[in-house]
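Trainee:
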Amino acid sequence: MQLDIQKLGCERDERWLFSDLDWQINPGELWRIEGPNGSGKTTLLRILSGQMADYTGTLSWHGEKLSRCREAFMASMLYIGHRPGVKKALTALENLDWYQAMSTVEEGGARARRDACFQALEAVGLAGFEETPVEALSAGQQRRVALARLALGHQRLWILDEPFTAIDRDGVRQLERWMMAHCEAGGSVVVTSHHDSGELLPASRVLRNLRFDGQGGVHVDC
Amino acid sequence: MTAERAGPRRAVEPLPGLWQGFAATLGRDCRLRFRRRSELANPLIFFALIVTLFPLGLAPDSTLLSGIAPGLLWVAALLSVLLSLDGLFRDDFDDGTLEQLLLAPQPASVLVLAKIVAHWLTTGLPLALISPLLAVMLSLPGHSMGVLMLTLLLGSATLSLVGAIGAALTVGLRRGGVLLSLLILPLYTPVLIFGAGTVRLAVDGAVIAPWLALMGAMLALSLLAAPWAAAAALKLSLDG
Numbered sequence: 001m002q003l004d005i006q007k008l009g010c011e012r013d014e015r016w017l018f019s020d021l022d023w024q025i026n027p028g029e030l031w032r033i034e035g036p037n038g039s040g041k042t043t044l045l046r047i048l049s050g051q052m053a054d055y056t057g058t059l060s061w062h063g064e065k066l067s068r069c070r071e072a073f074m075a076s077m078l079y080i081g082h083r084p085g086v087k088k089a090l091t092a093l094e095n096l097d098w099y100q101a102m103s104t105v106e107e108g109g110a111r112a113r114r115d116a117c118f119q120a121l122e123a124v125g126l127a128g129f130e131e132t133p134v135e136a137l138s139a140g141q142q143r144r145v146a147l148a149r150l151a152l153g154h155q156r157l158w159i160l161d162e163p164f165t166a167i168d169r170d171g172v173r174q175l176e177r178w179m180m181a182h183c184e185a186g187g188s189v190v191v192t193s194h195h196d197s198g199e200l201l202p203a204s205r206v207l208r209n210l211r212f213d214g215q216g217g218v219h220v221d222c
Numbered sequence: 001m002t003a004e005r006a007g008p009r010r011a012v013e014p015l016p017g018l019w020q021g022f023a024a025t026l027g028r029d030c031r032l033r034f035r036r037r038s039e040l041a042n043p044l045i046f047f048a049l050i051v052t053l054f055p056l057g058l059a060p061d062s063t064l065l066s067g068i069a070p071g072l073l074w075v076a077a078l079l080s081v082l083l084s085l086d087g088l089f090r091d092d093f094d095d096g097t098l099e100q101l102l103l104a105p106q107p108a109s110v111l112v113l114a115k116i117v118a119h120w121l122t123t124g125l126p127l128a129l130i131s132p133l134l135a136v137m138l139s140l141p142g143h144s145m146g147v148l149m150l151t152l153l154l155g156s157a158t159l160s161l162v163g164a165i166g167a168a169l170t171v172g173l174r175r176g177g178v179l180l181s182l183l184i185l186p187l188y189t190p191v192l193i194f195g196a197g198t199v200r201l202a203v204d205g206a207v208i209a210p211w212l213a214l215m216g217a218m219l220a221l222s223l224l225a226a227p228w229a230a231a232a233a234l235k236l237s238l239d240g
């Protein structure tokens, strides 16, 4: 298994968002997290991505405690949150180039990095906008710059918080196809979404569901 | 058995380069500053304004001005750095790139150091470079110009490093500016005392080497501790 979650619990403002959550994220699984607003979806993702230390229980990555293998975990995990993580004053290419430099292992130099970024931006439909400052792009396009990181393809575990926000219908479909392809290639995806997750996902055989019922209960359907 | 459990796959997987991450973050931050020209110019204009207003407010008497010049230049430089600190992590916090910076596989302290270096290159360094121009206005003796620049170079780097801790602690607060000043000013006073003191000694033609050594020691100490402390503070600020 990739990520093993044991007895995970998180308390916020004297209310348990979830407790005693046992869950495993294996290669090839696409987990969709559903639940009403404020039920703790984002908090769960922030814990899974190692951003919050305020929880009970243990998280293990390939059998080792998460806190003891931080670098290896961070190198193989990609998190996209509510805030896109894109600098508005920089161009799409410059934004992506930073992410590529932070995550690539190959010593290909600046040239190879740029080429990879060009390809990733083309993959999200931003060909021709590479040198445009992000602030001049539309909200959906800005979101696509962040999602272009998926196309760089370094990480095996994707943790995506509401990735479909501001994305048009074709974009949603494309993103769904990417997620399914990623899982079929042995990766894992954890995704929250208010949408009824588009059209393609529900039919997929890699899909698993994790439901928050809003009263502190979490149901894991395999 | 244990070796098997840890997984041979993970052990051999190479990690992204430390230096590559540092260079990319430094380059990105410098580029950002140069794209927002007004932010780049703000501390410099503030510095120049304070220094030009003093001779107007006091008498344009060169002996009086040259007496207060070391202290005045240093106070003005310190306030300019303080003014620019709030933006060090705030923008990154707002657009989510700070979150991503802390999620990078490289140690957060190294990446935070890259941000601090970028801050110094775009704030402290230009302040030190234009300081002789303003020192002339305060009729600081010519032979102490070099020392003024040197102390500002050393001192402003310390100010950026120490200030980053305060900026990291207050980044999650909506109005962190005043709190930031209160937190950081006590830590700034030794730098101010030694910085201005060194220039004053240089004006008098005294030996300044031990003072410079002390300023260097302060820089070395903050270089060691500040990136680590600021990274820890950032994690605290974002955890919630």
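Listed in order, the protein sequences are those of chains A and B.
Quick note on full-length UniProt numbering: the first sequence kicks off at 1 and runs consecutively.
Quick note on full-length UniProt numbering: the second sequence kicks off at 1 and runs consecutively.
Idealized CB from N, CA, C, for every residue including glycine.
Small disclaimer: the values here were computed from a predicted structure and weren't measured.
1) Under three-state DSSP, which class holds A/P202?
2) Between B/R28 and chain A, is the shortest Cβ-Cβ distance under 8 angstroms, so that the two count as touching?
3) Quick one: measure Cβ to Cβ for A/M77 and A/Q6, integer angstroms, because I've assumed they're closer than 8 angstroms.
4) Can you tell me the Cα-Cα spacing of B/L111 and B/M149, whole angstroms?
5) For B/G96, would you say it is in contact with chain A, using Cβ-to-Cβ distances shorter than 8 angstroms as the test?
6) What in chain B is Cβ-close to A/P84, meaning under 8 angstroms?
7) Quick check on DSSP: helix, strand or coil for A/N104?
8) Which residues of chain A have a Cβ atom closer than 9 angstroms to the Cβ of B/L88, listed in chain order?
9) Counting contacts by CB-CB distance shorter than 8 angstroms, is B/G21 in contact with chain A?
10) For my contact list, A/M102 and B/A24 are in at a C-beta cut-off of 8 angstroms; report their separation, rounded to the angstrom.
11) Please report the distance separating the alpha-carbon of B/L221 from that of B/L214.
12) Flag residue 259 of chain B as yes if its beta-carbon sits less than 8 angstroms from any beta-carbon of chain A, otherwise no.
13) Among A/G50, A/D54 and A/G140, whose alpha-carbon lies nearest the alpha-carbon of B/E99?
14) Anything in chain B within Cβ reach of residue 223 of chain A, meaning under 8 angstroms, just list it in chain order.
15) Less than 8 angstroms separating the beta-carbons of B/I130 and B/L56?
16) Quick check: the Cα distance between A/Q134 and A/Q141, rounded to an integer number of angstroms?
17) Given the structure, does A/Q155 come close to the ligand ZN, in the sense that its CB is under 7 angstroms from one of the ligand's heavy atoms?
18) What distance in whole Å lies between the Cβ atoms of A/L157 and A/G186, which are believed to be in contact at a cut-off of 8 angstroms?
19) The alpha helix (DSSP H) with B/N42 in it runs from where to where?
20) Rounded to the nearest angstrom, what separates A/T192 and A/P163 at their Cα positions?
21) Excluding five sequence neighbours on each side, which residues of the same chain lie with their C-beta closer than 7 angstroms to the C-beta of B/V117?
Mentor: This is what the structure gives:
1) helix
2) The C-beta of B/R28 comes closer than 8 angstroms to at least one C-beta of chain A.
3) Their Cβ separation, rounded to whole angstroms, is 18 angstroms, which puts A/M77 and A/Q6 out of contact at 8 angstroms.
4) Using only the alpha carbons, I get a separation of about 28 angstroms.
5) yes
6) D95 and G96
7) For clarity, residue 104 of chain A is Thr in the given sequence; the question names Asn instead. Note: A/T104 maps to coil in three-state DSSP.
8) What B/L88 touches in chain A: nothing, since even the nearest Cβ is about 14 angstroms away.
9) With 8 angstroms as the cut-off, B/G21 counts as an interface residue toward chain A.
10) 6 angstroms
11) Rounded to the nearest angstrom, the gap between the Cα atoms of B/L221 and B/L214 is 10 angstroms.
12) Any property of residue 259 of chain B remains undetermined from this structure, which presents chain B solely from 1 to 240.
13) Ranking A/G50, A/D54 and A/G140 by Cα distance to B/E99 puts A/G50 first.
14) Residue 223 of chain A cannot be examined here, being either before or after the span of chain A that is shown, 1 to 222.
15) no
16) Here residue 134 of chain A turns out to be Val, not Gln, going by the sequence shown. Each residue's CA atom was taken as its position, placing A/V134 and A/Q141 some 8 angstroms apart.
17) As for the ligand ZN, it is missing from this structure, which has no ligand bound.
18) The pair is not a contact, with the Cβ atoms about 11 angstroms apart (cut-off 8 angstroms).
19) R37 to G57
20) 8 angstroms
21) L26
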